[in-house]
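**Q** According to numbering that gives the first Met the number 0, the sequence shown is numbered sequentially starting from 0.
Here it is: the structure, laid out below.
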Amino acid sequence: MSTLNAADSPTTGPQITILLCTYNGALFLTEQLASIAAQTYQNWRLVVSDDGSQDGTLEILRSGFIADSKIEIRYGPQLGACKNYMSLVTDGSIKGEYFAFCDQDDVWGADKLQRAVDQLGGVSTEGPALYFSRMQLIAADGHHLGLSRRYKRPPSFENALVENIASGNTIVMNRQARDLLVQAGDLDVAMHDWWAYMLITGAGGTLCYDELPSMLYRQHQVNAIGIDTGFRAVAKRFQRLWSLSFAEKTAMNVAALQSCRHLLRAENRFILDFFLALRSSSAVLRLISFRRARVYRQNILDQASLIFAVAMKLV
Numbered sequence: 000m001s002t003l004n005a006a007d008s009p010t011t012g013p014q015i016t017i018l019l020c021t022y023n024g025a026l027f028l029t030e031q032l033a034s035i036a037a038q039t040y041q042n043w044r045l046v047v048s049d050d051g052s053q054d055g056t057l058e059i060l061r062s063g064f065i066a067d068s069k070i071e072i073r074y075g076p077q078l079g080a081c082k083n084y085m086s087l088v089t090d091g092s093i094k095g096e097y098f099a100f101c102d103q104d105d106v107w108g109a110d111k112l113q114r115a116v117d118q119l120g121g122v123s124t125e126g127p128a129l130y131f132s133r134m135q136l137i138a139a140d141g142h143h144l145g146l147s148r149r150y151k152r153p154p155s156f157e158n159a160l161v162e163n164i165a166s167g168n169t170i171v172m173n174r175q176a177r178d179l180l181v182q183a184g185d186l187d188v189a190m191h192d193w194w195a196y197m198l199i200t201g202a203g204g205t206l207c208y209d210e211l212p213s214m215l216y217r218q219h220q221v222n223a224i225g226i227d228t229g230f231r232a233v234a235k236r237f238q239r240l241w242s243l244s245f246a247e248k249t250a251m252n253v254a255a256l257q258s259c260r261h262l263l264r265a266e267n268r269f270i271l272d273f274f275l276a277l278r279s280s281s282a283v284l285r286l287i288s289f290r291r292a293r294v295y296r297q298n299i300l301d302q303a304s305l306i307f308a309v310a311m312k313l314v
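Right, here's the structure in full:
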């Protein structure tokens, strides 16, 4: 199979290191690799961590579809998708000026990386910054299903404590943001993208939300994480929020934040302390702490559900 590169695409500009985790992804991987190879922004390299694939995934990666000089293949911890991504993003030996998460079964828009670099390059700060975008949802056969949710409230630490809006397959972060994740270490967290959103906002970083879809997000039965839309989606989010699993995930994230609270801005350490109080006090004190912590979810109904979950000690 011949090597693909976008014709006449420039290779100048800061290098983007794409972090791709694979596991039995042969069915859709070739299409994803083709969309990476066809990027209008060509100064990228691909670091792949395979988590023990038993299909043709490794053969596709080694086929020469991506030039040898642009791809590095590693072997993952085989502890699931989150630990696989965490093993890559917290490895300080992996160099780059920008870092992009990548899923094995999506399709990137040709200008995905260029748009991310343009937005991140326009951030007037030397601190951590993270780009994320909406997505065009597609079925396994490529049929378009609509767009992912559009978020109207701003991204923030108060939002990140109770909700992830930065979908990992759209994330591109600058070196300072990745270095922050390296400093925190390979912790046990609910999901790698939620953790990135939480830690970077907690440290006072900048979030760049692109309302235009940057990619096609494939929805199928073997997704590690999928996206629902419409009334059924709201019902499912309510169910997840009121479930023990949400409380367990929150506990994991809070424990991770506590272990690296020195990386948080002072005001966000106070917010974290109020959030801890609402998880352990009486019902009245929980609601008082909830008000002081100022945590929120993006949707009005989701916010009402969160208040109920706090009152019932389900967060």
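In this text, a Cβ means the ideal position worked out from N, Cα and C, and glycines have one as well.
This structure is a prediction, so every number in the text was calculated from the model and none was measured.
Quick one: measure Cβ to Cβ for Q218 and L144, integer angstroms, because I've assumed they're closer than 8 Å.
**A** Their Cβ separation, rounded to whole angstroms, is 6 Å, which keeps Q218 and L144 in contact under 8 Å.
**Q** Helix, strand or coil: which one does DSSP assign to S213?
**A** coil
**Q** Alpha carbon to alpha carbon, what distance is there between D209 and Y150?
**A** 10 Å
**Q** Tell me which same chain residues have a C-beta within less than 7 Å of the C-beta of Q31, skipping the five on either side of it?
**A** Q103, D104, D105 and V106
**Q** On the DSSP letters alone, give me the boundaries of the alpha helix (DSSP H) that R290 sits inside.
**A** A282 to A292
**Q** Got a sec? Which residues, its chain only, sit under 7 Å from F100 by beta carbon, not counting five neighbours each side?
**A** L18, Y84, G167, N168, I170 and D192
**Q** Mind checking which residues open and close the alpha helix (DSSP H) that includes M172?
**A** Counting along the chain, M172 falls outside any alpha helix (DSSP H), though it belongs to the beta strand (DSSP E) covering V171 to N173.
**Q** With G145 as the anchor, note down where its beta strand (DSSP E) starts and where it stops.
**A** H143 to L146
**Q** Quick one, which of Q297, F289 and L300 has its alpha-carbon nearest I312's?
**A** Residue identity differs from the one stated: residue 312 is Lys in this sequence, not Ile. When each option's Cα is compared against that of K312, the closest is F289.
**Q** From A109, L160 and P127, pick the residue whose C-alpha is nearest to that of A37; which is it?
**A** A109
**Q** For K82 and I15, I'd like the C-alpha separation in whole angstroms.
**A** Straight-line Cα distance between these residues: approximately 22 Å.
**Q** Output the boundary residues of the beta strand (DSSP E) element that contains T21.
**A** I15 to T21
**Q** Below 8 Å on the Cβ atoms is my contact criterion, and I expect P13 with Y97 to pass it. Report the Cβ-Cβ distance as a whole number of Å.
**A** Contact holds; Cβ gap of about 6 Å.
**Q** Give a yes or no on whether the C-beta atoms belonging to T21 and T56 are separated by under 8 Å.
**A** yes
**Q** Tell me whether the beta-carbon of Y316 lies closer than 8 Å to the beta-carbon of A159.
**A** Nothing about residue 316 can be read from this structure; the chain reaches only from 0 to 314.
**Q** To the nearest whole angstrom, what separates the beta carbons of V122 and T39, a pair I think is in contact under 8 Å?
**A** Not quite, the Cβ-Cβ distance comes to about 21 Å (not below 8 Å), so this is no contact.
**Q** What ranges does the alpha helix (DSSP H) occupy inside the segment 89-126, keeping only unbroken runs of at least 4 residues that lie completely in it?
**A** Runs found: 111-120.
**Q** Candidates M251, G51 and R174: which alpha carbon is nearest P76's?
**A** G51
**Q** Below 8 Å on the Cβ atoms is my contact criterion, and I expect L263 with L275 to pass it. Report the Cβ-Cβ distance as a whole number of Å.
**A** Not confirmed; about 13 Å, so no contact.
**Q** Taking the runs of the beta strand (DSSP E) that are 3 residues or longer, which of them lie wholly in the segment 36-61?
**A** Listed in chain order, they are 43-49.
**Q** In angstroms with no decimal places, state the Cα-to-Cα distance between S244 and D185.
**A** 21 Å
**Q** Helix, strand or coil, according to DSSP, for T11 in the structure here?
**A** Of the three classes helix, strand and coil, the one that applies to T11 here is coil, per DSSP.
**Q** Are A202 and M251 closer than 8 Å when you measure CB to CB?
**A** no
**Q** Is DSSP giving F245 helix, strand or coil here?
**A** helix
**Q** Using C-beta distances below 6 Å, list every residue in its chain close to R285, excluding the 5 sequence neighbours before and after it, in chain order.
**A** L277 and V309
**Q** Quick check on this structure: which residue in C259, Y216 and R44 has the alpha carbon closest to the alpha carbon of G141?
**A** Y216
**Q** G225: buried (16+ other C-beta within 10 angstroms of its C-beta) or exposed?
**A** Interpretation of G225 is limited by its pLDDT of 47, a score under 50 that renders its predicted location unreliable; the figure taken from the coordinates is listed afterwards. Result: exposed.
**Q** If contacts are defined as beta-carbon pairs under 8 Å, then Q175 and E125 qualify, I think. What distance do you get, rounded to the angstrom?
**A** 7 Å
**Q** So, are the CB atoms of I72 and V47 less than 8 Å apart?
**A** yes
**Q** In the DSSP output, which residue or residues are listed as bridge partners for L78?
**A** Its beta-bridge partners do not exist; DSSP assigns none.
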